[in-house]
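Asks: Okay, handing you the structure first.
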Amino acid sequence: INYDIERGCLKLSQERYTVKLLSKFQMSDCKPTVIPLDPNYNFVPTESSNAVCEKPYKELLGSLMYLMLGTRPDLCYAVNYFCRYQNKFTDELWFRLKDVLRYLKGTVNYGLIYNREDQYKLACFVDSDWAGDKIDRRSVSGFLYKFNNDILSWSTRKQGCVRCVSLSSTEAEVVALCSSITEGLWLEKLLNDLNINLAEFNIFEDNQGCIHIMKNPGNNKRVKHIDIKFRFISDIISSKQIKLQYIDSKHQIADILTKALSKDSFLKLRCELGVLELC
86 INYDIERGCL
96 KLSQERYTVK
106 LLSKFQMSDC
116 KPTVIPLDPN
126 YNFVPTESSN
136 AVCEKPYKEL
146 LGSLMYLMLG
156 TRPDLCYAVN
166 YFCRYQNKFT
176 DELWFRLKDV
186 LRYLKGTVNY
196 GLIYNREDQY
206 KLACFVDSDW
216 AGDKIDRRSV
226 SGFLYKFNND
236 ILSWSTRKQG
246 CVRCVSLSST
256 EAEVVALCSS
266 ITEGLWLEKL
276 LNDLNINLAE
286 FNIFEDNQGC
296 IHIMKNPGNN
306 KRVKHIDIKF
316 RFISDIISSK
326 QIKLQYIDSK
336 HQIADILTKA
346 LSKDSFLKLR
356 CELGVLELC
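Heads up, the final residue of the sequence shown is numbered 364 in this note's numbering, and it's a clean run with no missing numbers.
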């Protein structure tokens, strides 16, 4: 933690931990990569996939998760992806998991920066990757909260409720939106307990269909089978406690939390996420 009182700037980094992690898994001298997960890679289980390799796969995953939860939200999707196979990992997956370490090699001194502000605003960016898992076709939810312009909370989760296979992109967005709102209400209460009153509370969604049915609930048969989530969100929006707004997909920061991206897209959204090189 590095705090500059005069500038009102706080920097959070886990550089020392990252260096130790690279050394522990003998990757200190590895060749760096620009992204943690190749967008063209998709693990396809075969009969040989049952032959679990004797590598510290879970140990490395746990170490990466600690880093991701602390100061590296840019690792969110990659860690979530490899966690899906922690009980049936193979040599192939182990090699791909080490790509995350190669990415960390090139971004050792990256972290989060927080700046002092006079007004308090909470903004959420929420997205989903419909049927993103090619094996079971479950969708992936991702959201992040920014307090003023600095990231406060983030999450990537594979949708795994009772009816876990979403039938449309709109349904997947509704499920993701519900998760993000419950987190947001908790954050709002936490801030209130700290005597921080929000001037604005916005949620940015890039699915027009989702926004339409939330603002025009009525008797919408498209989401009848997820009625509880639908009604919960609709009530919150109707009460004007939270303002739901449309954002173009090109500017949807949460996209980095739901899928593996190409180099240019990843670097752009990583910067908007707030993961920056610390001097």
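Think of the CB as a built atom: it goes at the ideal place given N, C-alpha and C, for glycine as much as any other residue.
What would DSSP say about residue 239, mapped onto helix, strand or coil?
Replies: Correct three-state label for residue 239: strand.
Asks: Between which residues of its own chain and residue 204 is the CB-CB distance below 6 angstroms, once the five residues before and five after are set aside?
Replies: Only 284 meet the Cβ criterion.
Asks: Can you find the residues in the same chain that come closer than 6 angstroms, C-beta to C-beta, to residue 201, ignoring five residues on each side of it along the sequence?
Replies: Taken in chain order, the residues that qualify are 93.
Asks: Of the choices 214, 279, 288, whose alpha-carbon is the least far from that of residue 266?
Replies: Measuring from the Cα of residue 266, the nearest candidate turns out to be 288.
Asks: Once DSSP output is grouped into helix, strand and coil, what is the label at residue 110?
Replies: Reduced to three states, the DSSP call for residue 110 is coil.
Asks: Relative to the C-alpha of residue 147, which candidate in 230, 110, 213 has its C-alpha closest?
Replies: It is 110 whose Cα lies nearest to the Cα of residue 147.
Asks: Mind checking residue 167: buried by the 16 CB within 10 Å criterion, or exposed?
Replies: Burial call: buried.
Asks: If you check the beta carbons only, do residue 130 and residue 346 fall under 8 angstroms apart?
Replies: Their beta carbons are not under 8 angstroms apart, which means residue 130 does not touch residue 346 by this criterion.
Asks: How big is the Cα-Cα spacing for residue 275 and residue 175?
Replies: Cα to Cα, residue 275 sits roughly 42 angstroms from residue 175.
Asks: Should residue 333 go down as buried or exposed, given a rule of 16 or more other Cβ atoms within 10 Å for buried?
Replies: Exposed.
Asks: Could you please give the first and the last residue of the uninterrupted beta strand (DSSP E) stretch that includes residue 208?
Replies: Run containing residue 208: 206-214, per the beta strand (DSSP E) assignment.
Asks: In its own chain, which residues sit with a C-beta less than 7 angstroms from the C-beta of residue 88, not counting the 5 before and 5 after it?
Replies: Correct list, in chain order: 95.
Asks: Rounded to a whole number of angstroms, what is the C-alpha to C-alpha distance between residue 150 and residue 102?
Replies: In a straight line, the C-alpha of residue 150 is about 12 angstroms away from that of residue 102.
Asks: Nearer than 7 angstroms: is that true of the beta carbon of residue 290 relative to any heavy atom of the ligand PLP?
Replies: You won't find the ligand PLP in this model; it holds no ligand whatsoever.
Asks: Got a sec? Which residues, its chain only, sit under 6 angstroms from residue 247 by beta carbon, not counting five neighbours each side?
Replies: Per-residue confidence for residue 247 stands at a pLDDT of 43, beneath the threshold of 50, marking its modelled position as unreliable; no derived number is given.
Asks: Residues in its own chain within less than 6 angstroms of residue 242 by CB, not counting five upstream and five downstream?
Replies: Same-chain partners within the cutoff: 226.
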